[in-house]
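Asks: Residue numbers (the working numbering): 11 to 978.
All residues carry an ideal CB built from backbone N, CA and C; glycine is no exception.
One structure follows; several queries about it will come next.
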Amino acid sequence: MCVPRRTESITAVTPPPSATSLPPRWWEHGRTPRERTADKPLWADFAEHAVTTLLPERPPVGDWRVRFAGVFRSLVDAASRDAVPDGLPGADVDALRRGFAAQLDQHLLNLSVRTLVLELHRARKAGALQGETPEERFSDFVRRQSTPAGLVRLFGEYPVLARLLAQACLYAAEAHAETLARFSADAALLPCSVIDGELGTLVEVAGGFGDSHACGRSVKLLRFSSGAKVIYKPRSLILHERFTDVVEQLNKRLPGLELRTADALTRDGYGWLRFVEHQPCADLGDVDRFYRRQGILLALLHALDATDVHYENIIACGDQPVLIDIETLFQPSPPVPPEGDPAAAMLARSVQRTLLLPQLFAGEHGAVDISGLAGRGGKLPTDRVDWADAGTDRMRLVRVPGELAGSNNLPRLDGRDVAPAEHSAALLAGFRLGYDAISTGRDELAELLRRCAEDPIRVLIRPTNFYSRLLDETTHPDLLRDAADRDHAFDLLEEDSVREEKLLRLVPHERDDLWAGDVPMFTSNPGSTSLLDSRGDSVEGVVEQPSLDSVLAKVADMDPLDQRDQEWLISATLAISTSADGHHGGGETAETAVPNQAPDAERLLVTACGIADQIVANAFSDEHRSNWLGIELVDDRYWTVLPMGAGLGEGYCGVALFLAQLAELTGIARYRDLAAYAISPLPGLFATLRADRELAATAGCGGLLGLGGVAYTIARLSTLVGLPAGDLIEQAVELMPEATSETPSGFTTGLAGGVASMRSVYVQTGLETALARADRYAAQLLERERPSEKAFARGSAGIDWVLRAHDRPGEEPPGKADDRAESTGGWCDGLAGDALGMAAHLPDPEHARDLDRTIRRLTDGAPLKDLSLCHGESGVLDVLCVLAENGHTGAAAAVRRRTGHLLAAIDQRGARCGTPGAVPSPGLLSGLAGIGYGLLRLGFGDRVPSALLLRPDRPHPAATVFPPVNRV
Numbered sequence: 011m012c013v014p015r016r017t018e019s020i021t022a023v024t025p026p027p028s029a030t031s032l033p034p035r036w037w038e039h040g041r042t043p044r045e046r047t048a049d050k051p052l053w054a055d056f057a058e059h060a061v062t063t064l065l066p067e068r069p070p071v072g073d074w075r076v077r078f079a080g081v082f083r084s085l086v087d088a089a090s091r092d093a094v095p096d097g098l099p100g101a102d103v104d105a106l107r108r109g110f111a112a113q114l115d116q117h118l119l120n121l122s123v124r125t126l127v128l129e130l131h132r133a134r135k136a137g138a139l140q141g142e143t144p145e146e147r148f149s150d151f152v153r154r155q156s157t158p159a160g161l162v163r164l165f166g167e168y169p170v171l172a173r174l175l176a177q178a179c180l181y182a183a184e185a186h187a188e189t190l191a192r193f194s195a196d197a198a199l200l201p202c203s204v205i206d207g208e209l210g211t212l213v214e215v216a217g218g219f220g221d222s223h224a225c226g227r228s229v230k231l232l233r234f235s236s237g238a239k240v241i242y243k244p245r246s247l248i249l250h251e252r253f254t255d256v257v258e259q260l261n262k263r264l265p266g267l268e269l270r271t272a273d274a275l276t277r278d279g280y281g282w283l284r285f286v287e288h289q290p291c292a293d294l295g296d297v298d299r300f301y302r303r304q305g306i307l308l309a310l311l312h313a314l315d316a317t318d319v320h321y322e323n324i325i326a327c328g329d330q331p332v333l334i335d336i337e338t339l340f341q342p343s344p345p346v347p348p349e350g351d352p353a354a355a356m357l358a359r360s361v362q363r364t365l366l367l368p369q370l371f372a373g374e375h376g377a378v379d380i381s382g383l384a385g386r387g388g389k390l391p392t393d394r395v396d397w398a399d400a401g402t403d404r405m406r407l408v409r410v411p412g413e414l415a416g417s418n419n420l421p422r423l424d425g426r427d428v429a430p431a432e433h434s435a436a437l438l439a440g441f442r443l444g445y446d447a448i449s450t451g452r453d454e455l456a457e458l459l460r461r462c463a464e465d466p467i468r469v470l471i472r473p474t475n476f477y478s479r480l481l482d483e484t485t486h487p488d489l490l491r492d493a494a495d496r497d498h499a500f501d502l503l504e505e506d507s508v509r510e511e512k513l514l515r516l517v518p519h520e521r522d523d524l525w526a527g528d529v530p531m532f533t534s535n536p537g538s539t540s541l542l543d544s545r546g547d548s549v550e551g552v553v554e555q556p557s558l559d560s561v562l563a564k565v566a567d568m569d570p571l572d573q574r575d576q577e578w579l580i581s582a583t584l585a586i587s588t589s590a591d592g593h594h595g596g597g598e599t600a601e602t603a604v605p606n607q608a609p610d611a612e613r614l615l616v617t618a619c620g621i622a623d624q625i626v627a628n629a630f631s632d633e634h635r636s637n638w639l640g641i642e643l644v645d646d647r648y649w650t651v652l653p654m655g656a657g658l659g660e661g662y663c664g665v666a667l668f669l670a671q672l673a674e675l676t677g678i679a680r681y682r683d684l685a686a687y688a689i690s691p692l693p694g695l696f697a698t699l700r701a702d703r704e705l706a707a708t709a710g711c712g713g714l715l716g717l718g719g720v721a722y723t724i725a726r727l728s729t730l731v732g733l734p735a736g737d738l739i740e741q742a743v744e745l746m747p748e749a750t751s752e753t754p755s756g757f758t759t760g761l762a763g764g765v766a767s768m769r770s771v772y773v774q775t776g777l778e779t780a781l782a783r784a785d786r787y788a789a790q791l792l793e794r795e796r797p798s799e800k801a802f803a804r805g806s807a808g809i810d811w812v813l814r815a816h817d818r819p820g821e822e823p824p825g826k827a828d829d830r831a832e833s834t835g836g837w838c839d840g841l842a843g844d845a846l847g848m849a850a851h852l853p854d855p856e857h858a859r860d861l862d863r864t865i866r867r868l869t870d871g872a873p874l875k876d877l878s879l880c881h882g883e884s885g886v887l888d889v890l891c892v893l894a895e896n897g898h899t900g901a902a903a904a905v906r907r908r909t910g911h912l913l914a915a916i917d918q919r920g921a922r923c924g925t926p927g928a929v930p931s932p933g934l935l936s937g938l939a940g941i942g943y944g945l946l947r948l949g950f951g952d953r954v955p956s957a958l959l960l961r962p963d964r965p966h967p968a969a970t971v972f973p974p975v976n977r978v
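See the structure below:
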């Protein structure tokens, strides 16, 4: 973000070291080129006045923050006098000024600390500081900087800093004085409307309850000597009143579960809100009612296209979740790009959009949930600025993980916050009640909503964190010598708008707000497509449709199918919120009543069709494509709900492969057609990857979570459903990235999967480039050391199996067979995957004994509750099928026994996925497609090859090289 210094401009404005007044036109480089006129700006007058009125005083005593802030005491003193007028009735003027000064001190410190620390270093290196210790030299710097000459030097070299500091003082004083004037006008109205009892004397106006907009205006908390509190909001609360009307109407249909809203006093352009205290629950019944009401509130906020309902906007008051910020109702619908993803479009307008449901925001330091149901603090995913050796002349900037404190949004019982996942049934029940009440009373609701057509709403354009970080990072001293440099840093706004060019129309307005020190804000009306900036200027062409029309259409379309989709999302996000980080193999075992005889192929096929019908019903389709929402593990760490990508393992290719295989066995057209429709985005995806080879490299060559699996899918579908995919297969092979030192070795994401997929593509298509690519990957794999991890998915077992299948046996793995617990029986990192690794080293006698022992453990072990291919029962059965096909008699017997367990489990508990909470998801590895495909393998093994191992089906006549058969 930093740019080179404009050293040629510094000497023109920097005064001599002993100067006590600023030179003429020192302020010119504090203005951007488009602002530079002959007129002297108001902030320059304010800064000059602060310098000339600065009296020699001893620097304040305190920690480094207090002493640094004292450098600007003349600015703060001047602002405090303007912020709190003398003789303000009903107020403790001295206390209010002290409070205002303390808040402004902190704000000015945040703006200036980087520059002050740089100047501290320069003075230390120049030997200009007096003192025997680092602390004494720090104090000497503060003393020097707190003089008129010190301020003159600082403002002369950093005129942009002078601008930011002076503007902050002017805007803060004006906004504070406005708040107090409005309080004086409305004081008599506050009791009995938003405050119970008498006010007493106003003793504090506290900030820090939201971002600043419109020249320093923000939400304030007013405290009185009586103990009373009230919230001041510097914007119209008419929408809050409308929301209260909607809630009151909804409450009539929900006896015993009525929602509460905060009392409001609406004035012209601003208003007062009752302060809602966090209150604990009396018993579990209160907690249950809280979450039922939370579900009702979720249904209502979803219907009203609300967003930004994060953890600071909900207060848990006993058994009531009280929403305290209503400004983001009626959010305009996100634009739907041509030939977009229908699953992504659904997610963008779903209950997840409210931000009330748990959502993880991931980054370098992990992930954090800031939703309205977030209950835990923790590390923020990005760094924050901190200071090492603070209060010494060696003070320096460091970056550390930020911390997110908990809030008052969750119910508390017996001193403990009660997480929503503990009462997910209550929340879902409440959502159903709310959804039904809204859809039943949709006509009355629509009448109330039409009254909101002209009410002001806030429209969120970019994440607030993006603006806040931009404001913070542009206080770097290299950007404070010339405003053109800082203005250039705001070019990030244009860069962020590249994918949505309409946002470029907002950039000039955003720049103006950022230069005012504010988070940019745009408002509109639900009945309009015009946006207004913080100064009231109109911006057209950004919003396509009045948000009121979108909300009315959504309410009209609420039906049981949509309700089912929303409830799935709620279940999925709640399950994810309590799942442990990362991928976990194995799982709990299950006792299942099993029929005496093994199931026949017809029953397996019928069961697979039932699973396929569930997948078909859950597809989102438009005129261009179909897709699904899935639960996916991102970066092998965090589960999240996403529209399915292209991958075989957890993407639409895996679902398409199952449906195509089922269509080939049954002749049912709907499965075949949906399979072909699902992969229709691949040509466009390949065009994107050809234009961005770095993106293709990021996708990787892996067999299940990379481009290798995509190529495998195309080859399989070309034979299963007659897909004319010759050119598409060639494109897929050509896009396979070259391996680098960063390329993993394993099966799912790395070279081993690349070998297996390319070898399979060759066998099915005869494409020589695929065989050449497989040979190249295999050679690179042989040059590497084996990973210490043994797991099949990422470790040595998968590599050994692939190299043996490629007729390129590798080194013997060190050590004995893994003696892990029986519960870790799965394919990905359990006993089943280990068995394949052992089979790769036959006929070595030791490995033969290890393999026999492992298969006995699999045979004797209880079946897994998780039925998925990846780390569940279907994966165990697939491995046993492969070993049985290769001649292991013990494996064949185990297949017959465990197949009965699998079908019985599906009959008794459903197709239990390997996702958090076993929430149904369509994917091949963890979801329904994999369970269905596993059933087809068990019933029709001669026609259904192992997709888990990327095995080919019918060989192409041009293929002359085939994998060896491993007799085990």
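1. Is the separation between the beta-carbon of T708 and that of L658 shorter than 8 Å?
2. Taking P556 as the reference, which of L868, R682, P466, L913 has the closest Cα?
3. Are there three or more Cβ pairs, one per stretch, closer than 8 Å when the region 183-191 is compared with the region 71-78?
4. Distance, Cα to Cα, Y445 vs A54?
5. Among Q113, P99, L98, T925, which residue has its Cα nearest to the Cα of D87?
6. Assign I916 to one of three DSSP states: helix, strand, or coil.
7. Would you tell me roughly how many angstroms separate the C-alpha atoms of L705 and E374, rounded to the nearest one?
8. For H223, name the three-state secondary structure that DSSP assigns.
9. In this structure, how does DSSP classify Y168 when only helix, strand and coil are distinguished?
10. Give the DSSP-derived three-state secondary structure of R496 in the structure shown.
11. Need the endpoints of the alpha helix (DSSP H) that L672 sits in, please.
12. CA-CA distance, Y681 and G760?
13. Along the chain, where does the alpha helix (DSSP H) containing I325 start, and where does it finish?
14. Who are A191's beta bridge partners in DSSP?
15. With a CB to CB cut of under 7 Å and the five nearest residues on each side skipped, what residues in its chain are close to A566?
16. Excluding the 5 residues flanking V644 on each side, which residues of the same chain have their C-beta closer than 6 Å to its C-beta?
17. Nearest-angstrom Cα distance between L118 and V665?
18. For R245, does the three-state DSSP call read helix, strand or coil?
19. Across which residues does DSSP place V410 in a beta bridge pair?
20. State buried or exposed for G596, treating a residue as buried only when at least 16 other CB atoms are found within 10 Å of its CB.
21. Please state the DSSP three-state secondary structure of P965.
22. When the Cα atoms are used, what is the spatial distance from G166 to E322?
23. At the level of alpha carbons, what is the spacing between L126 and D221?
24. Short of 8 Å in beta carbon distance, which residues of its chain neighbour R703, apart from the five on each side in sequence? Order them along the chain.
25. Rounded to whole angstroms, what's the CA-CA distance from L667 to R726? Just pull it up for me.
26. Just to confirm the assignment, what range does the alpha helix (DSSP H) spanning S449 have?
27. Looking at the structure shown, is W638 part of a helix, part of a strand, or coil, going by DSSP?
28. Would you report the Cα separation of T402 and E145, rounded to the nearest angstrom?
29. Expressed to the nearest angstrom, what Euclidean distance is found between the alpha-carbon atoms of C880 and L791?
30. Once you ignore the five residues that flank E208 on each side, which residues in its own chain have a CB closer than 8 Å to its CB?
31. Take R491 as the anchor and find which of V553, R947, Y943, R41 has the nearest alpha-carbon.
32. So what does DSSP say about T125, is it helix, strand or coil?
33. Would you decide whether N419 is buried or exposed? Buried here means 16 or more other CB atoms lie within 10 Å of its CB.
34. Which of the three DSSP states, helix, strand or coil, is assigned to D96?
35. Whose C-alpha, out of L715, L275, H223, L267, is nearest the C-alpha of L247?
36. Name the two residues that bound the continuous alpha helix (DSSP H) containing A74.
Replies: Checking against the coordinates, here is how it stands:
1. Stepping through the sequence shown from its first residue, residue 708 is reached at position 698. Stepping through the sequence shown from its first residue, residue 658 is reached at position 648. It is not a contact, given that the beta carbons lie outside the stated cut-off.
2. Residue mapping note: residue 556 aligns to position 546 of the sequence shown, counting from 1. When each option's Cα is compared against that of P556, the closest is P466.
3. Touching, no.
4. As a working mapping, residue 445 is identified with position 435 in the sequence shown. As a working mapping, residue 54 is identified with position 44 in the sequence shown. If I take the Cα positions, the gap works out to 57 Å.
5. Locating residue 87 in the sequence shown gives position 77, counting from the first residue. Considering only alpha carbons, the answer is Q113.
6. The sequence position of residue 916 within the sequence shown is 906, counting from 1. In this structure, I916 counts as helix in the three-state DSSP scheme.
7. For the purposes of this step, residue 705 is taken as the residue at position 695 of the sequence shown. For the purposes of this step, residue 374 is taken as the residue at position 364 of the sequence shown. Going from the Cα of L705 to the Cα of E374 covers about 20 Å.
8. Residue 223 sits at position 213 when you count from the first residue of the sequence shown. Correct three-state label for H223: strand.
9. Taking the first residue of the sequence shown as position 1, residue 168 is located at position 158. Note: Y168 maps to coil in three-state DSSP.
10. Within the sequence shown, residue 496 is the residue found at index 486, counting from 1. It is helical.
11. What you label residue 672 is simply residue 662 of the sequence shown in a count that begins at 1. Per DSSP, L672 belongs to the alpha helix (DSSP H) from 662-676.
12. What you label residue 681 is simply residue 671 of the sequence shown in a count that begins at 1. What you label residue 760 is simply residue 750 of the sequence shown in a count that begins at 1. C-alpha separation (whole angstroms): 31 Å.
13. Taking the first residue of the sequence shown as position 1, residue 325 is located at position 315. Careful: I325 lies outside any alpha helix (DSSP H), inside the beta strand (DSSP E) at 324-327.
14. Along the sequence shown, one-based indexing puts residue 191 at 181. Paired residue(s): none; A191 is not in a bridge.
15. Taking the sequence shown and counting its residues from 1, the one referred to as residue 566 is at position 556. So the qualifying residues of the chain are R452.
16. Numbered from its first residue, the sequence shown carries residue 644 at position 634. The residues are T650.
17. In the sequence shown, counting from the first residue as 1, residue 118 sits at position 108. In the sequence shown, counting from the first residue as 1, residue 665 sits at position 655. For L118 and V665, the distance between alpha carbons rounds to 56 Å.
18. On the sequence shown, residue 245 is found 235 positions in, with the first residue counted as 1. If DSSP states are grouped into helix, strand and coil, R245 belongs with coil.
19. Residue 410 sits at position 400 when you count from the first residue of the sequence shown. DSSP output for V410 lists R394 as bridge partner(s).
20. In the sequence shown, counting from the first residue as 1, residue 596 sits at position 586. Annotation note: pLDDT 49 at G596 (below 50); position unreliable, coordinate value reported separately. Buried.
21. As a position in the sequence shown, residue 965 is number 955, starting the count at 1. Of the three classes helix, strand and coil, the one that applies to P965 here is coil, per DSSP.
22. Start at 1 with the first residue of the sequence shown, and residue 166 comes out as number 156. Start at 1 with the first residue of the sequence shown, and residue 322 comes out as number 312. If you take the alpha carbons of G166 and E322, they lie about 41 Å apart.
23. Within the sequence shown, the letter at position 116 stands for residue 126. Within the sequence shown, the letter at position 211 stands for residue 221. One C-alpha to the other measures close to 25 Å.
24. As a position in the sequence shown, residue 703 is number 693, starting the count at 1. Once the five neighbours on either side are set aside, the close Cβ partners of R703 are P747.
25. Here residue 667 refers to the residue found at position 657 of the sequence shown. Here residue 726 refers to the residue found at position 716 of the sequence shown. Distance between the alpha carbons of L667 and R726 is about 7 Å.
26. Numbered from 1 along the sequence shown, position 439 holds the residue referred to as residue 449. Looking at the DSSP string, the run of the alpha helix (DSSP H) that includes S449 is 434-450.
27. Counted from its first residue, the sequence shown places residue 638 at position 628. The answer is coil: DSSP assigns W638 none of H, G, I, E or B.
28. The residue you call residue 402 lines up with position 392 of the sequence shown. The residue you call residue 145 lines up with position 135 of the sequence shown. In this structure, the alpha-carbon of T402 lies about 4 Å from that of E145.
29. As a position in the sequence shown, residue 880 is number 870, starting the count at 1. As a position in the sequence shown, residue 791 is number 781, starting the count at 1. Using only the alpha carbons, I get a separation of about 23 Å.
30. Mapped onto the sequence shown, residue 208 falls at position 198. Answer for E208: P201, S236, A238, listed in chain order.
31. Within the sequence shown, residue 491 is the residue found at index 481, counting from 1. Nearest to R491 by alpha-carbon distance, out of V553, R947, Y943, R41, is R41.
32. By one-based count along the sequence shown, residue 125 stands at place 115. Correct three-state label for T125: helix.
33. Numbered from 1 along the sequence shown, position 409 holds the residue referred to as residue 419. Buried.
34. Taking the sequence shown and counting its residues from 1, the one referred to as residue 96 is at position 86. It is coil, neither helix nor strand.
35. Position 237 of the sequence shown, counted from the start, is the residue given in the question as residue 247. Checked all of L715, L275, H223, L267; the closest Cα to L247 is L275.
36. On the sequence shown, residue 74 is found 64 positions in, with the first residue counted as 1. A small correction: the amino acid at residue 74 is Trp; Ala does not occupy that position in the sequence shown. In this chain, the alpha helix (DSSP H) harbouring W74 covers 74-79.
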